[in-house]
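To start, the structure under review is shown below, and the notes come after it.
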Amino acid sequence: MPLAVGNYWEYENTYLDVIKDTLLYEVTEEIQIPIGDTTYTAYAMNFIPLPPDLPSYYWLRRNDEEGLFLMGGISDTDTLFMNEVEYRLPIRVGEIFETPRISFSFARREFYISDTLSITLIDDDRGVITPAGKFKCFVYNFDLSAGDDVAERFDYYLFYSLGVGLVKQEERGKFNQDIKSEFILMNYQIR
Numbered sequence: 001m002p003l004a005v006g007n008y009w010e011y012e013n014t015y016l017d018v019i020k021d022t023l024l025y026e027v028t029e030e031i032q033i034p035i036g037d038t039t040y041t042a043y044a045m046n047f048i049p050l051p052p053d054l055p056s057y058y059w060l061r062r063n064d065e066e067g068l069f070l071m072g073g074i075s076d077t078d079t080l081f082m083n084e085v086e087y088r089l090p091i092r093v094g095e096i097f098e099t100p101r102i103s104f105s106f107a108r109r110e111f112y113i114s115d116t117l118s119i120t121l122i123d124d125d126r127g128v129i130t131p132a133g134k135f136k137c138f139v140y141n142f143d144l145s146a147g148d149d150v151a152e153r154f155d156y157y158l159f160y161s162l163g164v165g166l167v168k169q170e171e172r173g174k175f176n177q178d179i180k181s182e183f184i185l186m187n188y189q190i191r
């Protein structure tokens, strides 16, 4: 995923085939993160603008020869540093890896590890056409619970293109595979 301050990805988000919205995901800052004896350069990114009643918070990521790393999150109220592969490259189709999922609690205004994702690469040559162009994508899949009080689980499919980043994301019902929500890349700027 190309990481540089000013890079952005504009997505159309569709929920249940009814609600549509346009979201802008932007790299806003370069940050030095100390972990042990090593300092890493990471990039702060999030959907912008954030609603005015929420604290500003950003996900931290960096690239490495092993893939895209999640370095944690930073906000005015909390900081969580980690150094975990979020999406592995190079990888073979069918290969599975685990990575922590971090979340930000608006109520507590803090980052926390909410789950461990088991991610599988299911395709390394999927053609995807969006309003932003035609892309060759790696397709990652994981499933996720909607919460303790919800019986259904959801399958997530993330379509990443080298040199561009996330091109498409689908959230499907685990059992019936109906698309619940979808992100589609409409426009992007890479510096």
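Per this note's numbering, the very first residue in the sequence shown carries number 1; after that it's consecutive. From the three backbone atoms N, C-alpha and C, an ideal C-beta is built for every residue, glycine too.
Backbone CA spacing between residue i and residue j [nearest angstrom]
i	j	result
Ala42	Tyr87	15 Å
Lys136	Phe69	21 Å
Trp59	Gly133	26 Å
Phe47	Asp155	22 Å
Tyr188	Asn83	27 Å
Gly36	Phe81	11 Å
Val18	Lys168	18 Å
Met1	Arg108	30 Å
Asp76	Val164	29 Å
Ile91	Tyr112	28 Å
Ile179	Tyr157	10 Å
Glu10	Asp115	27 Å
Phe138	Pro51	32 Å
Phe104	Leu162	28 Å
Arg126	Tyr160	10 Å
First and last residue of the uninterrupted beta strand (DSSP E) at residue i
i	result
Glu152	Element bounds for Glu152: n/a, residue is neither H nor E.
Ala42	Thr38 to Ile48
Asn7	Where Asn7 is concerned, there is no enclosing beta strand (DSSP E), given that its DSSP letter is neither H nor E.
Arg172	Gly165 to Gly173
Leu24	Ile19 to Ile35
Asp64	Tyr57 to Asp64
Gln189	Ile179 to Gln189
Asp76	Unbroken run through Asp76: none, as it is neither H nor E.
Asn141	Gly133 to Ser145
Environment of residue i [buried if 16+ CB atoms lie within 10 Å]
i	result
Thr130	buried
Lys20	exposed
Glu182	buried
Gly73	buried
Ser145	exposed
Ile102	buried
Arg61	buried
Asn176	exposed
Phe106	exposed
Val5	exposed
Leu23	exposed
Val15	According to the sequence as given, residue 15 is Tyr; it is not Val. Its Cβ having fewer than 16 others within 10 Å, Tyr15 is exposed.
Glu152	exposed
Counting Cβ pairs, one atom from each stretch, are 3 or more of them under 8 Å apart for the stretch 120-137 and the stretch 93-106?
-> Short answer: they touch.
What are the uninterrupted segments assigned as beta strand (DSSP E) that are 3 or more residues long and contained completely in the stretch 88-119, given in chain order?
-> 96-105
Meets three-Cβ-pair contact criterion under 8 Å: the stretch 25-32 and the stretch 42-56 = They touch, by the three-pair rule.
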